[in-house]
Amino acid sequence: MATTRKLVVEIVDAKDLTPKDGQGTSSPYVVVDYYGQRRRTRTIVRDLNPVWNESLEFSLAKKPSHPVFNDVLEIDMFHDKNFGPTRRNNFLGRIRLGSDQFVAKGEEALIYFPLEKKSLFNLVQGEIGIRIYYADEAAPPASKPAVAPLEPVVEEKEEEVKPEGPDESKPPPETKDGPAEVKETAEPPPPPENPPAEGPKPNEDASPPSQENATVGGEEPPVTEPNLPPEAVSDGPKLPAEEPPQNQPESEDILLETSDAESWVSAPRSPLPGVTISRSVSGSIPKTKTGGPQPLPRSMSETASYTSEISDVSTIERSTFDLVEKMHYVFVRVVKARSLPTSGSPITKISLSGTTIESKPARKTSTFEWDQTFAFLRDSPDTSSSPILEISVWEGTGGTHFLGGICFDVSEIPLRDPPDSPLAPQWYRLEGGGAHHGDLMLATWTGTQADESFPDAWKTDTAGNVTARAKVYMSPKLWYLRATVMDAQDLLLPQLTAFKEASFQLKAQLGFQVQKTKPAVTRNGAPSWNEDLLFVAAEPFADQLVFTLEYRTSKGPVTVGMARVPLTAIERRVDERLVASRWFGFEDPNDEKRGNRSRVHLRLCFDGGYHVMDEAAHVCSDYRPTARQLWKPAVGIVELGVIGCKNLLPMKTVNGKGSTDAYTVAKYGSKWVRTRTVSDSLDPKWNEQYTWKVYDPCTVLTIGVFDSWGVYEIDGGKEATRQDLRIGKVRLRISTLETGKAYRNTYPLLMLVNGGVKKLGEIELAVRFVRSAPPLDFLHVYTQPLLPLMHHIKPLTLFQEDMLRNTAVKILAVHLSRSEPPLRPEIVRYMLDADSHTFSMRKVRANWLRIVNVVAGMIDVVRWVDDTRFWRNPTATLLVHALVVMLIWFPDLIVPTIAFYLFVIGAWNYRFRSRAGLPHFDPRLSLADAADREELDEEFDVVPSNRPPEMVRSRYDKLRAGARVQTILGEVAAQGEKMQALVTWRDPRATGIFVGLCFVVALVLYLVPTKMVAMASGFYYFRHPIFRDRKPSPMINFFRRLPSLSDRLM
9 MATTRKLVVE IVDAKDLTPK DGQGTSSPYV VVDYYGQRRR TRTIVRDLNP
59 VWNESLEFSL AKKPSHPVFN DVLEIDMFHD KNFGPTRRNN FLGRIRLGSD
109 QFVAKGEEAL IYFPLEKKSL FNLVQGEIGI RIYYADEAAP PASKPAVAPL
159 EPVVEEKEEE VKPEGPDESK PPPETKDGPA EVKETAEPPP PPENPPAEGP
209 KPNEDASPPS QENATVGGEE PPVTEPNLPP EAVSDGPKLP AEEPPQNQPE
259 SEDILLETSD AESWVSAPRS PLPGVTISRS VSGSIPKTKT GGPQPLPRSM
309 SETASYTSEI SDVSTIERST FDLVEKMHYV FVRVVKARSL PTSGSPITKI
359 SLSGTTIESK PARKTSTFEW DQTFAFLRDS PDTSSSPILE ISVWEGTGGT
409 HFLGGICFDV SEIPLRDPPD SPLAPQWYRL EGGGAHHGDL MLATWTGTQA
459 DESFPDAWKT DTAGNVTARA KVYMSPKLWY LRATVMDAQD LLLPQLTAFK
509 EASFQLKAQL GFQVQKTKPA VTRNGAPSWN EDLLFVAAEP FADQLVFTLE
559 YRTSKGPVTV GMARVPLTAI ERRVDERLVA SRWFGFEDPN DEKRGNRSRV
609 HLRLCFDGGY HVMDEAAHVC SDYRPTARQL WKPAVGIVEL GVIGCKNLLP
659 MKTVNGKGST DAYTVAKYGS KWVRTRTVSD SLDPKWNEQY TWKVYDPCTV
709 LTIGVFDSWG VYEIDGGKEA TRQDLRIGKV RLRISTLETG KAYRNTYPLL
759 MLVNGGVKKL GEIELAVRFV RSAPPLDFLH VYTQPLLPLM HHIKPLTLFQ
809 EDMLRNTAVK ILAVHLSRSE PPLRPEIVRY MLDADSHTFS MRKVRANWLR
859 IVNVVAGMID VVRWVDDTRF WRNPTATLLV HALVVMLIWF PDLIVPTIAF
909 YLFVIGAWNY RFRSRAGLPH FDPRLSLADA ADREELDEEF DVVPSNRPPE
959 MVRSRYDKLR AGARVQTILG EVAAQGEKMQ ALVTWRDPRA TGIFVGLCFV
1009 VALVLYLVPT KMVAMASGFY YFRHPIFRDR KPSPMINFFR RLPSLSDRLM
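Numbering-wise (our numbering), the sequence shown opens with residue 9 and increments by one.
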């Protein structure tokens, strides 16, 4: 059944409105305007805290194209003149919301928005609580809709769309037929009372249009993300701006599709050497002198040669630079065969450059079907020795009987670039063997990894492993579930009445997460707890939250009752408001059908205002809250090109030979990417490019390299249970990247093991950050808090943060391991630094060394003062004397002089800013090279330990005393390094903001009297709470965003 999408706006209530009737009250009503459709609520008489609980629906099937209608939902509140002495409807406030704050049904939450003024002279106060979401409903029957009195504009707009038939009483058809749309668009609509300037396209916005419809109805340009550059927008069907796609992942991250030809650069190429075409075929095909297959000639009118196509490719590619290199492949798509002299399931064999592969057995229908694509690396060193592509058909699974074959000259295979349409397969007559009249349908072309057939094709560098394909993974949407256990009633069972006091404890379980309240002692069977229990839940919500009431006795706990709450019935919130509490009855643990008089009082909610931490705070890649309604627009995109690795060490031994099957995993935000696995290569080349949306520049992109055992899982040997081995990891901080600049560097892959630091190879990466937000909006991000507001209003304890983070890592590991190909749990834990908080004496000494390096700057200042005092530099000493005299006679110049001095230091350091590669793991800073063997053994010791008891006891005592010291030293060192980062240009934007601000402060303080500045500062500090924001101050937010060296520790 066809469905139509609508926008539902629930007007719940309002608080603390402005009185407008002259008697201290107001009679408010709300008017909602969306695309010219206006709805209003009823009037609540004389109430400053009105409650409506009304749902207003808006159609999305018709969006006017007139520029007067904006993609904004406007909600206005007025005082009704019929219930007061006023002669007009007085304005009480309004809010304006963009379509990016609308969510699908099921994700909505009650949000309170402060009412805004229409002009400077409006007196507005209070806030309004609303829910906004999209909902689908069945299409109405073909009948003329009734005209509502409050919807004249909407109905007139709906009547503008007429069906093809002459009957105007029927609604427009719901089909998306292209010719029908053209005809409807061409026909002039009946003249309405208020015709728009342009006739909108009928039925085009009710559902995502197909490519055909998008081509036919070309009057309206496709809607794209406003904060993305043109190259980051995918080429698929466009969705309306206010209508998100169904089942869309929580982050609208963009994968820079390799099929985008504009993103490739034409690298200079040398002409291909001349090759001699040999008539002999591979040994796998029987050689025949007369009836054997010969290379098929291709006329120059049909397609040019491979060499000539390469020289002309620069005219097709429109980009001047990109992050990765082109890798040419010979693609072979085998579709089907006919008229073969066999009744079984034949196979095809494709041979090129000494590599022979077999297809799967054909599926027997009216023909023999395969529909498989194979990709052979064109730049292989063996290509010049065998420029013949051989395709043969064999009978039987093992290929025992030759049925026929075809040969192609590789130099005459056409070159295809992604802007071109896919090459159509053709029928070719099989030669040789027993298929005298057999035909094979196939297509051959030369392309790159930008080809849309590349991801699912069999590739020579992956050895055909099905788990070696490149994939993009999305983390599940995680929520904090807060269960407030308040009290219980009627808990005294007949067998417990003899006791004067009873101790009860409530256990809550969600999956593998189990938490308990403190024991509560009661005499009347009504214990009280008032405790908050926090859990991590992942969408979709299929589990139940189980509460178990336990009676504590000397012999152990006794279960009194159980209560089950489905997660789908729990309310969501995005702020600190209290949700309604509920009573839940207990069930008999022995008989679920029999009830229990006991019940428990709970307040349950999903906290969408928090960010669920799954990474360490100093290397976090995303700080957005869970609720989509609170997301800010993206400020840019980051592009990553994974080029390849060099000089990798053999990670395993197979058949007496060392080998490495390497692949790369990159993680940013909720999006994970995995490159294809290059089999048995110590210098793998991937040349894959990916793109992420950036919502906060002070985040970290993590790239890891691993060795795969997946190819042996197919064989089912003992190696199938082995874990993928770590090769190394790289971290790139987005804030250290200059806008629009491409960084291409080689990073060492270092691993800290029991024996010390071990270099396992190098990885070559290219990264680029492109800003999409306006410059002022982008710099404004530095004044905003890193974490959402709920982390400051109702902060979590350190114990809760660690516990919830470990839980989130486990949930992500289980979720991603269910994908195909799976992302193993050990990979997820390594990428998320699940063991980064482990205690180590090496880390304690490294943090102490960081503090010493910070203090060393102050020691240099003391030495300079001592040199000046002893006249080692007479010029500097004379200038200091003049400065002292000036500051003593004019003390008002002390503060501006300090500010100007900081400006000079920052400007001077700009010349000496680092132009080398991006910062990476530093073994020297981590003391990894100088670590003691005993310290490394302690750091990598497993639990439970197999060391002697005396050694374990001493290490435990050291852990109790040093774990807290390690954390404190790390925090102190990080604060000092952030102070240094103010003038060292480690973050070019942050240092630029600070240096510019110092210059402005120095200039203002030179011109404005100090007393006036001090008085204004005092008034600002002691301002009334209504003028204060609950967020931390911009200066604190700016300082917290500065980079430290914590992310460079191993």
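Glycine is no exception: its CB is placed at the ideal position from the N, C-alpha and C atoms.
- Task: In angstroms with no decimal places, state the Cα-to-Cα distance between residue 842 and residue 974.
- Result: 17 Å
- Item | Cross-strand partners of residue 552 (DSSP beta bridge) | 574
Give me the DSSP bridge partner(s) of residue 702. 644
- Item | Closest by C-alpha distance to residue 690, when choosing among 642, 614 and 769 | 769
* Span separating the alpha-carbon of residue 959 from that of residue 1036 -> 55 Å
* Using the rule of at least 16 other Cβ atoms within 10 Å of the residue's Cβ for burial, across every protein chain shown, is residue 952 buried or exposed? -> exposed
Suppose only complete runs of 3+ residues qualify. What are the beta strand (DSSP E) ranges in the region 771-806, listed by chain order?
none
Under 9 Å between C-beta atoms of residue 1061 and residue 676: Lying before the first or after the last residue shown, residue 1061 is absent from the chain, which here runs from 9 to 1058.
Review point. What is the DSSP secondary structure of residue 158, reduced to helix, strand or coil?
Key: With a pLDDT of only 40 at residue 158, under 50, the local geometry of the prediction cannot be trusted, and the value read off the model is given with reservation. In the structure shown, residue 158 sits in coil (DSSP, three-state: anything other than H, G, I, E or B).
> To which residues of the same chain is residue 859 closer than 7 Å at the C-beta, ignoring the five residues directly before and after it?
Replying inline: 977, 980, 981 and 984
Inset, instruction - State the CB to CB distance for the pair residue 1007 and residue 790, rounded to an integer number of angstroms; the pair is presumed to be in contact (CB under 8 Å). - result: Not really, about 17 Å apart at Cβ, beyond 8 Å.
Note to self: Buried or exposed, going by whether 16 or more other CB atoms sit within 10 Å of the CB of residue 619?
What the structure shows: buried
Note to self: On a Cα-Cα basis, can you pick out the residue from 628, 879 and 1022 that is closest to residue 1054?
What the structure shows: 628
Taking residue 681 as part of the beta strand (DSSP E), name the residues at either end of that continuous run.
679-682
Query - Element boundaries [alpha helix (DSSP H), containing residue 707] - result: Per DSSP, residue 707 belongs to no alpha helix (DSSP H) and is neither H nor E.
Exercise. Ordered along the chain, which non-local residues of its own chain (more than five positions away) have a Cβ less than 6 Å from that of residue 572?
Worked result: 552 and 554
Residue 580 to residue 612 span [Cα, whole Å]: 9 Å
- prompt: Shortest alpha-carbon distance to residue 401 belongs to which of 456, 350 and 360?
  reply: 350
query: Looking at residue 811 and residue 542, is the spacing between their C-beta atoms short of 9 Å?
result: yes
Residue 987 versus 948, 905, 696 and 862, residue with shortest Cα-Cα distance:
862
Exercise. So is residue 113 buried or exposed if we call it buried at 16+ other beta carbons inside 10 Å?
Worked result: exposed
- Task: Check residue 918 in the structure and name its three-state DSSP category.
- Result: helix
Taking Cβ positions, are residue 37 and residue 110 nearer each other than 9 Å?
-> no
**Message:** Can you tell me where the beta strand (DSSP E) holding residue 716 begins and where it ends?
**Reply:** Neither: residue 716 is in no beta strand (DSSP E) and is coded neither H nor E.
**Study point:** Coarse secondary structure for residue 858, derived from DSSP in three states
**Key:** helix
Note the first and the last residue of the continuous alpha helix (DSSP H) segment covering residue 897. 882-897
Query raised in the report: Once you ignore the five residues that flank residue 27 on each side, which residues in its own chain have a CB closer than 7 Å to its CB?
Result: 33, 34 and 56
Q) Looking at residue 40 and residue 84, is the spacing between their C-beta atoms short of 9 Å? A) yes
Between the Cα of residue 421 and those of 397, 737, 997 and 703, spot the shortest distance and give me the residue it belongs to. 397
Three-way DSSP call (helix, strand, coil) for residue 1025 in this model: helix
Checklist entry - Would you say residue 703 touches the ligand NAP, meaning its beta carbon is less than 8 Å from a heavy atom? => result Judged by which ligands are present, the structure shown has none, so any question about the ligand NAP falls away.
| query | Which one of 118, 1042, 651 and 1001 has the shortest CA to CA distance from residue 711? | reply | 651
Practice item. Report the option in 804, 795 and 989 whose CA atom is closest to the CA atom of residue 1050. Key: 989
When you compare only the Cα positions, how much space is there between residue 1009 and residue 1041? 18 Å
Which residue comes first and which comes last in the alpha helix (DSSP H) that contains residue 958? 957-992
Item to check | residue 529 to residue 509 span [Cα, whole Å] | outcome: 6 Å
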